[in-house]
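Taking the numbering used here, the leading residue of the sequence shown gets 647, the next gets one more, and so forth. Glycine is no exception: its CB is placed at the ideal position from the N, C-alpha and C atoms. Heads up: the structure comes next, in structure tokens.
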Amino acid sequence: MSHPTLHTLETDVLVIGAGGAGMSAAIAASQAGKRALLADRSLIGRGGATIMAQMTVAAALGEQGPDHWQHHLRDTLAAGRGLCSEPLARLLCEEGVDAIRLLDRWGVGWARDGERMAQTRAPGHDRPRCVYVDYLNTGPAVAKTLRAQAAREPGVRRVGDLLVVELLRKDGRVTGAVALHLGSGDPVLIRAGATIIATGGLTRLYRRNSASLNMGGDGFALALRAGARLIDMEFVQFFPIGHLAPRLVGFDPIMWDPFRYKLGGKLLNNQGEEFVERYGNAAEGQGYTTTRDAATYAILKEVEAGRGTPAGGAWLSFRHVPEDTLRAAFGPIINKLAKAGIDLTKQMIEVAPIAHYHMGGIRVDTDLATDVPGLYAAGEAVGGANGANRLSGNAITEAIAFGLRAGRAAAADCPEPPSVEALEALARPWLQRLAPRHGEPDALNAASLIEELQALMQAHVGPFRTEAGLRQALDGLDALRTRAGSDLPGGGPQDPARLDTLDLRNMLLVAEAVTRCALARRESRGAHQREDHPGQEDAWTLNQTIAWRDGQWTLATQPVQRLEATQEDIA
């Protein structure tokens, strides 16, 4: 067994994850006068969810008519089905306004209607509130803007291909991390005064997902093993109209929402009937106001009733829209689709729910601090703000607003960490595990086990759940864990077997957290639908938290955090 070179990095604030939240946090920490190390397992600013986002970004800017952050807050709380942490939701809506205007000053290029920013109405909003770049390039434009801003910050150091595998604690405080440099296979010791987890969500746990490969719940696993509590882990949002068929290459699977926003695409069953209103929703028409959880429910129930499409979804049709209207709205995309063999003026496409976003995450306060000293979180890694269902358009707003707040708070709380020697002693067990095992046969096919995990979660912990299915999922996860063992195979430069094994370890832990919380919540609310407990129960208007310490799970409940009743009412 050979021992690779140990590299050491030192910083005031370590930011794990370089999507919208992570880049915002690093920029804010630098602007507060601190050194920020922006670390990501992929390329800086080119992984995660932000760069993939095509849609719109919600903020009460009032560019297209009167608006106020409290109107946005009301819609956010309504979508959250009574479970939003109201202080965090307020932070999202109130500070989101300045965050989106800040991006505008940095040159993101929000679409304009004359001199004002264009704003459109998205599902669940009571008025036009969502800005965009050109519907299909909003996320890439935000990511590009933040990459450029981070590059201008003298305090931001950017390191890609760096997978953080464990946080280090001294006297209860997070003081750094052990990481693996994927390019060389060498271990890296990171010395930091404070750490921010901005690794995004967990939708890679599901076979059908719209996530990049680094969205397997890394940050949640790091937080759990560091002693932090997670909250609302049972709430996984499935995007209702993810692309299903025909085969489509080079497009985001959730690309159809902008078309529906603008053109009122119809959802039809295999008998050509519109059906969403059958499930307690008003007829959508051009308004398209049904929230994501309700639309997901409607589609899957139609499939269950035998009225699904050949591939197992619903038809999305624009055949009622005149061709000149289609082309005026999305000309270049219509042409690109035509080259892929899809003519929207003549044919329908099949759509079905796809794992898209996670409402749960790390429990934090309004400074984005966890209950572990020195540890913060930002963006989709945070739980609580969105309750049982996220309002359309809130994801990028949350990423930027929470990232900026976390960066400032961590910069104000980053004392001198222990010496390198002290950290190396803390890290020794992991440094020994990361030593390459050349010449030893790899009995484990971790990639295959990941696929089994994804199928298990899709089947039993997806949009519809039962006690029997959830218990079957727990048994399956336990069996996968036994098969996975604890060895770390391979080693050296760019070893996929080692990366898959580390991913599997995190995914198993996080999948169990989701499943245990889903089993405990005996009601249906928002994105958590229990077929054996179909109604929403007042007794369950509370949040669940979960911790993992010394190999044991601890579930608890807490009252939903409410705002003070003295808050002024905006007419």
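Where residue i sits in the DSSP three-state scheme
| i | result |
| --- | --- |
| M1103 | helix |
| G1122 | helix |
| F905 | helix |
| C730 | coil |
| N915 | coil |
| R1176 | strand |
| N1189 | strand |
| K816 | strand |
| F1048 | helix |
| T821 | strand |
| V834 | strand |
| T991 | coil |
| E1183 | coil |
| G931 | Confidence in G931 is poor, its pLDDT being 49 and thus under 50, which makes the residue's placement too unreliable to answer from. |
| L1154 | helix |
| E920 | strand |
| V1028 | strand |
| R953 | coil |
| H827 | strand |
| R747 | helix |
| V1066 | helix |
| R1083 | coil |
| V788 | helix |
| V810 | strand |
Where residue i falls, given that 16 or more other Cβ within 10 Å makes a residue buried
| i | result |
| --- | --- |
| Q765 | buried |
| T845 | buried |
| E919 | exposed |
| T657 | buried |
| D878 | buried |
| E741 | buried |
| N981 | exposed |
| L689 | exposed |
| A672 | buried |
| R1208 | exposed |
| Q932 | With a pLDDT of only 43 at Q932, under the threshold of 50, the placement of this residue in the model should not be trusted; the figure read from the coordinates follows. Label assigned to Q932: exposed. |
| R1198 | This sequence places Gln at residue 1198; Arg is not what is there. With fewer than 16 other Cβ atoms within 10 Å, it is exposed. |
| S1170 | buried |
| E812 | buried |
| Q993 | exposed |
| E1158 | buried |
| S670 | buried |
| D1149 | buried |
| E732 | buried |
| H1106 | buried |
| H966 | exposed |
| L859 | exposed |
| A1056 | buried |
| G1181 | exposed |
| D939 | buried |
| V754 | buried |
Sub-7 Å separation of residue i and residue j beta-carbons
| i | j | result |
| --- | --- | --- |
| R736 | L719 | yes |
| A1034 | F881 | yes |
| A825 | L808 | yes |
| E1026 | G785 | no |
| L1099 | L1077 | no |
| K680 | V659 | yes |
| I900 | G911 | no |
| R1054 | A674 | yes |
| T1161 | A1114 | no |
| G822 | R837 | yes |
Strand pairing of residue i, partner residues [DSSP]
| i | result |
| --- | --- |
| M763 | R758 |
| H889 | V997 |
| Y1022 | I842, A1015 |
| F964 | Bridge partners of F964: none, in fact. |
| G1007 | I877 |
| N855 | A1001 |
| W1194 | W1199 |
| C776 | A704, T766 |
| I662 | A685, I843 |
| V805 | A685 |
| R1171 | H1174 |
| H653 | V834 |
| F897 | In DSSP, F897 forms no bridge with anything. |
| F976 | F976 pairs with nothing; no bridge assigned. |
| Q1140 | Note: Q1140 sits in no beta bridge, so no partner. |
| Q883 | Y1003 |
| R1111 | R1176 |
heavy atom of the ligand ATP below 6 Å from residue i C-beta
| i | result |
| --- | --- |
| T1043 | Absence of the ligand ATP is noted for the structure shown, with no ligands found whatsoever. |
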